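**Q** All residue numbers for the sequence shown refer to our numbering, where the first residue is 214 and numbers rise by one.
Note that beta-carbon positions come from the ideal geometry of N, C-alpha and C, so glycine has one too.
Treat the numbers as computed from the prediction; the structure is a model and nothing was measured.
Take a look at the following structure, please.
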Amino acid sequence: MSGNKVGFVSLGCPKALVDSERILTQLKLDGYDIVPTYEDAQVVVVNTCGFIDSAKQESLDAIGEAISENGRVIVTGCMGKGEDADAIMQLHPKVLSVSGPAAYEEVVGAVHEFVPHTPAHDPYTDLVPPQGVKLTPRHYAYLKISEGCNHRCSFCIIPDMRGDLVSRPIGDVMEEAERLVRAGVRELLVISQDTSAYGVDIKYRTGFWNGRPLKTRMQELCEALGEFGIWVRLHYVYPYPHVDDVVPLMAEGRILPYLDIPFQHGSPDVLRRMKRPAAAEKALERIQAWRTACPDITLRSTFIVGFPGETEAEFEELLDFIRAARLDRVGCFQYSPVKGARANDLPDPVPEALKQERWERFMALQQQISADKLQQKLGTTIEILVDEVHAEGAIGRSRADAPEIDGRVYLEGAEGLSPGDFVEAEVTATDEYDLWAG
Ligand code: SF4
């Protein structure tokens, strides 16, 4: 096939990656070839990220590079709305079209407008893989279950960019999951802005999958995904009481014993100022109950230090929370004001040097906890999903490791192994983040 040629630059988080995959799949279906160089492309699509200022700068630089290397550029994604969109047009007036996040039809429509469709192409006979175009390795895939968010955390502008929660019908989600599994995917990573809120916007409407009624709700989704017999990992869950009901599915091995819960802080006052969902829930009690119901559950979280007005006492509360919660995987960010976020108007910003100092104290404590927890795995036998195979050995992940954000397992000897294989091995060494097994 020799269709019209489109270049693609994908920036940002897993949610933006899923948008890119959707756009690429549609372009392939419409007969376009996706090419890896600027010079071969008739137009370049840049999927931008607008989450923090450094991401915006990276997006603007990518647009500038595409303009100077190719000249015909279509911009989409999180920076494609409001003031950011105006800034793009001012800085790069030659940009052909700008659209916001998840605006699949607009992007694809712009490509059709500026690089008209080749009539010789037959979308029914040209080859598009049945699982669509995936930018992740073929053995794992992100499964996006909703768009937008009903919360209004004061540091976040995602609801302004992506709007309120819109859940995808459960039948569509399950069909996509089934296609991915049939195409060889061995791990599904469920993503959204708030996975625990799935279906709230459509009152948990009943949908159908293979003729079977299923409610559009996290519990039913997890039960149905658990039937595939592959790894199913939940991201961006909040500690609401109904989350307790999915933990038994983890204990039974139907979905991975893994919860990614962005707690963001351990001080109730800071959480209130952040306007966090589930701020009033007793997180430590909930964690304890989950560990009782499923002893090998892995808990991942992210935190922000240096939020406006954070006092030394509130920061100490955060450290106490970390000491008590003993979470397995933790990311920590220094607060950085995002343009348009309500938290920018809060009084008493924390000086940069103090943010850095608190971040270092936080990281030193968590590294010790993480190293201790991994050391407890020495001598145990774990299941590993192989990601890469090299002459010296293979690199994979345990059930406790999500791709790209968690640790890795270095496996001695890779004979006969391929990416996507499951193997069992004994843990022979550990450090703060990674395991070695053989
Ligand atoms: S839950 Fe809060 S941080 Fe997450 S997307 Fe919604 S508003 Fe933003």
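1) Can you check which of these residues, N217, P350, D407, is closest to I663 by C-alpha distance?
2) Taking L273 as the reference, give the member of C262, N283, A254 with the closest Cα.
3) Might you give, ordered along the chain, the residues of its own chain that have their beta carbon closer than 7 Å to the beta carbon of W572, omitting 5 neighbours on each side?
4) Going by DSSP, what residue range makes up the beta strand (DSSP E) through L540?
5) Quick one: what's got a C-beta closer than 6 Å to R418's C-beta in the same chain, skipping five residues either side?
6) Checking the sheet assignment: what are the DSSP bridge partners for Y355?
7) Within the present structure, is the beta-carbon of I371 separated from the nearest heavy atom of the ligand SF4 by less than 8 Å?
8) Please state the DSSP three-state secondary structure of F368.
9) Are the CB atoms of V450 and L484 within a distance shorter than 9 Å?
10) Ignore the nearest five residues each way along the sequence and tell me which others in Y646's own chain have a CB closer than 6 Å to its CB.
11) Might you give, ordered along the chain, the residues of its own chain that have their beta carbon closer than 6 Å to the beta carbon of L540, omitting 5 neighbours on each side?
12) Determine the DSSP secondary structure at Q547, reduced to helix, strand or coil.
13) Is it true that the CB of L401 sits closer than 9 Å to the CB of A354?
14) Alpha carbon to alpha carbon, how far is V602 from D614? Give it in angstroms, no decimals.
15) Could you tell me the alpha carbon to alpha carbon distance between A390 and L438, rounded to whole angstroms?
16) If we count the other Cβ atoms within 10 Å of its Cβ and call it buried at 16 or more, is M463 buried or exposed?
17) For R618 and L447, what's the separation of their Cα atoms in angstroms?
18) Give me whichever residues DSSP pairs with N260 in a beta bridge.
19) Going by other Cβ atoms of all chains shown within 10 Å of its Cβ, with 16 needed for buried, is A566 buried or exposed?
20) Considering only DSSP beta bridges, list what R513 is partnered with.
21) Whole angstroms are fine: how far does the CA of Q270 sit from the CA of F264?
22) Taking only the alpha-carbon atoms, compute the straight-line gap between V413 and D385 and give it to the nearest angstrom.
23) Any idea what DSSP makes of S267, helix, strand or coil?
24) Under 8 Å from any heavy atom of the ligand SF4, does the C-beta of C653 make it?
25) With a Cβ-Cβ cutoff of 9 Å, do I358 and T289 count as a contact?
26) Taking buried to mean at least 16 other C-beta atoms within 10 Å of its own C-beta, is S631 buried or exposed?
27) Buried or exposed: M487, going by 16 or more other Cβ atoms within 10 Å of its Cβ?
**A** On the basis of the coordinates in this document:
1) For residue 663 there is no data in the structure shown, the boundaries of the chain being 214 and 651.
2) Nearest C-alpha to L273 among C262, N283, A254: C262.
3) Excluding sequence neighbours, W572 sits near V518, C545, Q547.
4) Counting along the chain, no beta strand (DSSP E) covers L540, and no H or E run does either.
5) Contacts found: T429.
6) Under DSSP, Y355 forms a beta bridge with L402.
7) Yes, the Cβ of I371 comes within 8 Å of a heavy atom of the ligand SF4.
8) Looking at F368 - three-state DSSP - the assignment turns out to be coil, as it is neither helix nor strand.
9) In this structure, the beta-carbon distance from L484 to V450 does not fall below 9 Å.
10) The answer, listed in chain order, is G620.
11) Closer than 6 Å at the Cβ level, and outside the excluded window around L540, lie L512, S514.
12) Note: Q547 maps to strand in three-state DSSP.
13) In this structure, A354 sits near L401, with a CB-CB distance shorter than 9 Å.
14) Their backbone Cα atoms lie some 18 Å apart in a straight line.
15) Just so you know, the alpha carbons of A390 and L438 end up roughly 8 Å apart.
16) Buried, by the Cβ-count rule.
17) For the sequence presented, residue 618 should be read as Ile rather than Arg. Each residue's Cα considered, the two are about 13 Å apart.
18) Paired residues: S223, T289.
19) Flag for A566 reads exposed.
20) D473, R542, per the DSSP bridge assignment.
21) Between the C-alpha atoms of F264 and Q270 there is a straight-line separation of about 10 Å.
22) The alpha-carbon atoms of V413 and D385 are separated by roughly 17 Å.
23) Of the three classes helix, strand and coil, the one that applies to S267 here is helix, per DSSP.
24) Since the first residue shown for the chain is 214 and the last is 651, residue 653 is missing from the structure and cannot be characterised.
25) At a Cβ-Cβ threshold of 9 Å, I358 and T289 do not count as neighbours.
26) Flag for S631 reads exposed.
27) So M487 counts as buried.
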